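Count the sequence shown with the numbering used here and you get residues 123 to 605, in order.
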Amino acid sequence: MKEVIKYFMDKKILLSPEIISEIEENYSDLIDEKNYDKIIVLTKELLDKNKEVNEDIKIDSAERRIKIIKSHNADSQKREVKDFVSHFKARYNKIKDILSNRQDLQDVISISKGIEKNNQNVSFIGLVFDKTPTKNGNISIKLEDPTGSIPVVVNPEKECFEIAKNIVLDEVIAVKGFMRNKTLFVNEIYFPDMPHTNELKKAEEEVYTIFISDIHIGNKVFLKDEFEKFLKWINLELGDDRQKNIAAKTKYLFIVGDLVDGVGIYPDQDLELNILDVRKQYDQLACYLSKIRSDINLIICPGNHDALRLSEPQPFLDKDMAKNIWALPNTFLVSNPAIVNIHSSDNFEGFNVLMYHGNSMHYFIDNVESLRLGNARDNASIASKFLLQKRHLAPTHGSNVYVPYKDDDPLVIDNIPDFFVLGEMHRPDSLTYNGTTIINCSCWQGKTPYQEKMGNNPLPSRVQIVNLKTREVSMINFGENDK
Ligand SMILES: [Fe+2]
Ligand SMILES: [Fe+2]
């Protein structure tokens, strides 16, 4: 018996008394060979859960395999006009680097040089300062780079006219065309976009990551029963064998903002709340999250309803405000946006997950014709893909509120994500675009008057699941009425 206890002790596993007699035989089979970096307690409940689902599942809870690649926590000190200038300069330079990598953009020159090249073909990279339709049906753009600005005209006869409709203010694009009288007549338009690939990075073993957002605890129509069902499933107490197998092999749970409903987010919100103290809303959430198996990593970013400044990047949740969430051993709190790498090992680089709550989405869905026509409010993945093509989470000034960083624009998508996960639209959707899987999360809140006003059409209580071995995306509905 001593030998059994010592064997586990050496691996930093403490045995709870009720199971000591049960694990005399083949005890080494119960756990992985490796040593854990943290003490865990093996209880009867934990042991039974693992036996129940699959004899082969081993307890490897201590190995977390999480790396926070980018999480912003800049202070919100007063900014000056010159900070905006340096912020946009940084955006221009970052996206110019992406565009300049393209084979067909090796001939780009500065605007100050190009403007003198009358009757010649010229290519520019610039920031869209202005865009207006003209009386004769052209699209007229003012493009800027650090050396100057130039009027750019896109004629409706040109093939690229449809592409030009998708150009938004303040984004950085490349154009090729013909110079005449200090104006560029455009033949081709390039967005920085994602690199073309048909290959998806895959893990060697079957392991799952799941995605949720917009829990909105504190609101009267928080879907408590449905959320509790989800918690039961993740703890292997609910679902058929296939669903339990997924739960057992889930290692990562991403929560993409709007954890609580907050207080004072919109006029008369208190009429819709049943928890009026935002700290108590977070405590309630901590209570729920503490029920989740501790071997599952919880990666959490804030959204516009959370108790933080609205300006992006929003820092991670306040250590005092959400102290019970901070206290959970398996949580990783990051900013909005953030990049988190999961599941890396000595011979696997892991998956990069770009988390963004999605505050800018409404602006583009309302203002870009192709997104409106594609009903992007109900199919948010097309709006998310639009942002990936811009390589920016909120390209237009006014599409979000943001902190202008000195010498940086943290909302540029300079790192190619394997997963781009968003909340805010309260409706699940997904799409694979080149090597990136886009996941728009569902919610845990019924339709409120506020959601109605936003024009959102929620489809709540869905959990999206990705099998990291196959990259297959699936969904479980914990709601009563499947539509
Ligand atoms: Fe929300
Ligand atoms: Fe939101």
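All residues carry an ideal CB built from backbone N, CA and C; glycine is no exception. No experiment lies behind these values; they were computed from the predicted model shown.
Counting along the chain, the unbroken alpha helix (DSSP H) around isoleucine 504 starts and ends at 502-512.
Going by DSSP, cysteine 409 is part of no beta strand (DSSP E) but of the alpha helix (DSSP H) stretching over 400-411. Annotation for glutamate 546 indicates a beta carbon within 7 angstroms of some heavy atom of ligand 1. Within the DSSP secondary-structure output, proline 255 pairs in a beta bridge with Ile261. Following the DSSP letters along the chain, one finds glutamine 586 inside the beta strand (DSSP E) bounded by residues 584-589. If you draw a straight line from the Cα of asparagine 277 to the Cα of phenylalanine 246, it is about 18 angstroms long.
The criterion of a C-beta distance shorter than 8 angstroms is not satisfied by leucine 495 and isoleucine 487. Look at the beta carbons and you see the region 374-391 touching the region 419-435: at least three pairs across the two are nearer than 8 angstroms. Collapsing the DSSP output to three states places alanine 460 in a strand. Asparagine 215 and glutamate 350 have their C-alpha atoms some 47 angstroms from each other. Judged by DSSP in its simplified three-state form, glutamine 242 adopts coil rather than helix or strand.
Within the region 323-393, complete beta strand (DSSP E) segments of at least 3 residues are found at 330-334, 372-378, given in chain order. Excluding sequence positions up to five before and after alanine 286, its CB lies within less than 7 angstroms of the CB of Ile261, Val276, Ile311, all in the same chain and listed in chain order. If you draw a straight line from the Cα of lysine 354 to the Cα of aspartate 399, it comes to about 27 angstroms. At a cut-off of 4 residues, the continuous stretches assigned as alpha helix (DSSP H) that sit fully inside the region 509-579 are 571-576.
Valine 475 places its beta carbon 8 angstroms or farther from that of aspartate 390. Your pair isoleucine 464 and threonine 592 does not check out as a contact, with CB atoms roughly 16 angstroms apart and the cut at 8 angstroms. The DSSP-derived three-state label of aspartate 267 is strand.
Annotation for serine 482: Leu515, Ala516, Ser521, Asn522 place their beta carbon closer than 7 angstroms to its own, counting only its chain and skipping 5 residues before and after. Alanine 498 sits in coil when the DSSP states are folded into three classes, being neither helix nor strand. Approximately 7 angstroms separates the beta-carbon atoms of lysine 280 and valine 308; this is inside 8 angstroms, confirming the contact. Remark: C-beta atoms of valine 525 and serine 583 do not approach each other more closely than 8 angstroms. By the CB criterion at 8 angstroms, phenylalanine 454 and isoleucine 414 fall outside the cutoff.
The Cβ neighbour count for lysine 346, taken over all protein chains shown within 10 Å, is under 16; the residue is labelled exposed.
Straight-line measurement puts the Cα of asparagine 537 at about 16 angstroms from the Cα of serine 457. For serine 193, the three-state secondary structure derived from DSSP is strand. Sequence-distant partners of leucine 395 (beyond 5 residues in either direction) whose C-beta falls short of 8 angstroms from its own C-beta, in its chain, are Gly340, Asn341, Lys342, Asp383, Val385.
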